[in-house]
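Quick note, the sequences are listed as chains V and G, same order.
Residue 811 is where the first sequence starts when you use the numbering used here, and the numbers rise one by one after that.
Residue 236 is where the second sequence starts when you use the numbering used here, and the numbers rise one by one after that.
Just so you know, even glycine gets a beta-carbon here, dropped at the ideal spot from N, CA and C.
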Amino acid sequence: MRYSAFSIVKNALSGNLKWKPQWRQAEPKSHYDVIIVGGGGHGLATAYYLTKEFGVKNVAVLEKGYLGSGNVGRNTTIVRSNYMLPGNEPFYEFSMKLWEGLERELNYNVMLSQRGVIMLYHSDGQRDAYIRRGNAMWMEGVAAELIERDQLKKMIPFLNYDHARYPILGGLLQRRAGTARHDAVAWGYARGADRHGVDIIEHCEVTAIRRENGVVTGVETTKGFIGCNKLALAAAGNTSRVGEMADLKLPIESHVLQAFVTEGLKPCIDHVIVYGGGHFYISQSDKGGLVFGAEIDGYTSYAQRGNLATAEHVMEEGVTMIPGLSRVRVLRSWAGVMDMSMDGSPIIDRTPIDNLYLNCGWCYGGFKATPASGYCFAHLIAKNDTHPVARALRLDRFARGYAVDEAGAGPQPNLH
Amino acid sequence: MASLITCPHCGVRPKEEFTIRGDASLIRPAPTASDEAWHDYVYVRANPRGRTLEHWQHVAGCRRFLVIERDTFTHEVHSVTDGAAFARENGR
Ligand SMILES: Cc1cc2nc3c(=O)[nH]c(=O)nc-3n(C[C@H](O)[C@H](O)[C@H](O)COP(=O)(O)OP(=O)(O)OC[C@H]3O[C@@H](n4cnc5c(N)ncnc54)[C@H](O)[C@@H]3O)c2cc1C
Ligand SMILES: [Zn+2]
């Protein structure tokens, strides 16, 4: 069913009892052309574009939990394309453009809100670094604005401008950036993929990858063996474990990132604000809760829960930036397990096994990438050829000496 | 993880006194080793879900490097050894 004003009125008049499920509860067939492991945003977007854009038929998405139970439903929903490196910026801008058309594309309200993302700076050196980043964005045709302190004070009066150690001197603003409703992104892509015939199979964990004569022939799952011509991995924080099933050696560590939401407040924070003095970032959800997070816990982790000391540190940073936050109650906190790659950038590539494809290493930033990641991964799987904007994100970049290191932190994942 | 780490030199201390450097199971290749060996050492990680060895430094204490065996799922710390002692024991 297509959603429209008419369908809403019609369903309202029949007591909202006649809405159909958004996707079928599919049972696995014995064989697929393409199997995608992971029913997160990336896996579902890949399935959608594979069938819709590249005409591949007979596709399944296997998800070990329920759809959207991974990081797609755990993130802080920020979408932006204010990256600096030429290997990254065109990719994230491609994603931003897809976001801008996504509601129409999917006929689904993903609640994209281009409220602007502003990154604060606290020193002359940091201002120069942000000017450089802004210029790098302009060079790729992406608008960026440097906001000086006086102007910023008018826009965002409640910040702590006179902090002794981290006075706020200004910020770099991308107006087109903002937030989107994370669950709706997963559901919208799932519904779209389902409409193009994709089997979305929940509660189906991949436990082994079967290979014959050097090619993948299918996967063992908790619902039995399922054969395939091509296997695509989009397992976010569990990439190393799934990769191990095919003896892949990967430049990935799993790290846990926490997020928090407060009680609902009247509208008070109009933008996404990122605190350059640390790594704190905050926005207000449409329900009114303040959504925020900061850095990863620092050590590798597969536990979907965080460390209390990190939670305390996040609060400290938040209150340093916005003193008024100390009066607000936190309702919930949660954590997600993410792939941290050795250069902080993602990997979309073929693997040494010809019919095995890899999508991983999204670190902090994979939600904003969901549309472009799905599109580029589908392009790769369908054509066996890298999409132009994902060219710098290949797996062999480390061996070739072309790491894409936005943070300039070197091969240490917990510093990205 | 367990929020306490027992430093062999300083005793039981909060985890916040320590910083982590990462995987301690890797062995540095010889300078003349192949590009592949160096690539694996610098970039490839086993990343197990379970027990792992890590370098931590007791920065707010004795400043020694330690090797900690930790479970990446339960966050339990199984053993803490002085870094130099660990290297000697393992013939590094
Ligand atoms: C707290 C937090 C805040 C974040 N904030 C942002 C943000 O503001 N902006 C941003 O751009 N990014 C953010 N991110 C990062 C972003 O959420 C991720 O990079 C992105 O969601 C990963 O892609 P995905 O949606 O496909 O992953 P997931 O939703 O995790 O999908 C992977 C799926 O694979 C499944 N799976 C794993 N192993 C198997 C198996 N063996 N068999 C079957 N299925 C399997 C998992 O169950 C999971 O559902 C944040 C992450 C966290 C944790
Ligand atoms: Zn000590």
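Please list the terminal residues of the continuous alpha helix (DSSP H) segment that includes residue i.
i: V:Y1109; result: From DSSP, V:Y1109 is part of no alpha helix (DSSP H) but of the beta strand (DSSP E) over 1099 to 1110.
i: V:I941; result: 934 to 949
i: V:L962; result: 959 to 965
i: V:H841; result: Counting along the chain, V:H841 falls outside any alpha helix (DSSP H), though it belongs to the beta strand (DSSP E) covering 841 to 847.
i: V:S1050; result: 1049 to 1054
i: V:W829; result: Segment: none, V:W829 is in no alpha helix (DSSP H) and carries neither H nor E.
i: V:Y859; result: 851 to 862
i: V:P1181; result: 1176 to 1193
i: G:W291; result: It is not in any alpha helix (DSSP H) - G:W291 instead sits in the beta strand (DSSP E) that spans 286 to 292.
i: V:M1131; result: 1118 to 1131
i: G:D317; result: Here G:D317 belongs to no alpha helix (DSSP H); instead the beta strand (DSSP E) covers 312 to 317.
i: V:A953; result: Note, V:A953: premise wrong, no alpha helix (DSSP H); not H, not E.
i: V:G1002; result: 992 to 1005
i: G:Y276; result: 270 to 278
Please list, in chain order, all residues of the same chain as residue i whose beta carbon is under 6 angstroms from its beta carbon, the five residues on each side excluded.
i: V:V1066; result: D1107, S1111, G1116, A1145, V1147
i: V:K874; result: E1015
Here's a check: name, in chain order, each residue in its chain whose Cβ is nearer than 7 angstroms to the Cβ of residue i, leaving out the five neighbours to either side.
i: V:Y893; result: E899, Y902, E1216
i: V:L912; result: V920, L922, P1181
i: V:A836; result: D1009, I1010, I1011
i: V:G1220; result: none
i: V:H932; result: Y976, P977, I978, L979, G1086, G1087
Have a look at residue i and residue j and give me their C-alpha separation to the nearest angstrom.
i: V:W1172; j: V:S824; result: 44 angstroms
i: V:A987; j: V:T1180; result: 14 angstroms
i: V:A1046; j: G:H244; result: 39 angstroms
i: V:G1028; j: V:I1019; result: 6 angstroms
i: V:I1132; j: V:F1035; result: 53 angstroms
i: V:Q1222; j: V:H1123; result: 21 angstroms
i: V:R958; j: G:E289; result: Here the sequence assigns Glu to residue 958 of chain V, which means Arg is not the residue at that position. Approximately 44 angstroms between the Cα atoms of the pair.
i: G:I262; j: V:M1055; result: 24 angstroms
i: V:S817; j: V:V1199; result: 38 angstroms
i: V:G880; j: V:G850; result: 6 angstroms
i: G:D275; j: V:D1004; result: 40 angstroms
i: V:N970; j: V:G865; result: 53 angstroms
i: V:L809; j: V:Y876; result: With chain V covering only 811 through 1226, there is no way to say anything about residue 809 of chain V.
i: G:A265; j: V:F1208; result: 19 angstroms
i: V:A946; j: G:I240; result: 44 angstroms
i: V:L908; j: V:G981; result: 26 angstroms
i: V:A815; j: V:E910; result: 21 angstroms
i: V:L1100; j: V:H841; result: 45 angstroms
Is the beta carbon of residue i sitting closer than 8 angstroms to the one on residue j?
i: G:V302; j: G:A259; result: yes
i: V:V1084; j: V:L979; result: no
i: V:F1177; j: V:T887; result: yes
i: V:C1170; j: V:D1149; result: yes
i: V:D1096; j: V:K839; result: no
i: V:L1205; j: V:L1168; result: yes
i: V:V1025; j: V:I1163; result: yes
i: G:N282; j: V:S1143; result: no
i: V:C1038; j: V:V847; result: no
i: V:V1082; j: V:S1064; result: no
i: V:R991; j: V:G926; result: no
i: V:R812; j: V:N917; result: yes
i: G:C242; j: G:V312; result: no
i: G:F321; j: G:W291; result: no
i: V:F1070; j: V:G1103; result: yes
i: G:G318; j: G:R298; result: no
i: V:Q961; j: V:G1086; result: no
i: G:A280; j: G:T307; result: Checking the sequence, you will find Arg at residue 280 of chain G rather than Ala. For G:R280 and G:T307, no; Cβs fall outside 8 angstroms.
i: V:R1225; j: V:P1156; result: A quick correction: the sequence has Leu, not Arg, at residue 1225 of chain V. No. Outside cutoff.
i: V:L1190; j: V:R1160; result: yes
i: G:R248; j: G:G326; result: no
i: V:T1017; j: V:Q1068; result: no
i: V:A1213; j: V:D1153; result: yes
i: V:Y1109; j: G:I255; result: yes
i: V:V882; j: V:V995; result: yes
Can you name the start and end residues of the beta strand (DSSP E) that residue i belongs to?
i: V:N1143; result: Inspection of the sequence shows that residue 1143 of chain V is occupied by Ser rather than by Asn. Here the beta strand (DSSP E) through V:S1143 covers 1140 to 1151.
i: V:S905; result: Unbroken run through V:S905 is the alpha helix (DSSP H), 899 to 910; no beta strand (DSSP E).
i: V:F1070; result: 1062 to 1074
i: V:A1042; result: 1034 to 1043
i: V:V1029; result: 1025 to 1031
Take residue i and list the residues in its own chain whose beta-carbon comes closer than 8 angstroms to its own, dropping the five residues that flank it on each side.
i: V:G1134; result: F968
i: V:S905; result: V889, S891, K1178, A1179, T1180, P1181, A1182, S1183
i: V:W948; result: A954
i: V:R1139; result: T1072, E1073
i: V:E1030; result: V1016, T1017, A1018, I1019, R1020
Contact between the stretch 855 to 863 of chain V and the stretch 990 to 1007 of chain V: three or more CB pairs below 8 angstroms?
yes
Hey, is the stretch 1035 to 1044 of chain V in contact with the stretch 1068 to 1077 of chain V, meaning 3+ C-beta pairs nearer than 8 angstroms?
no
Ligand 4: which residues have Cβ under 6 angstroms from any of its heavy atoms, chain order?
Ligand 4 is not part of this structure, which contains only ligand 1 and ligand 2.
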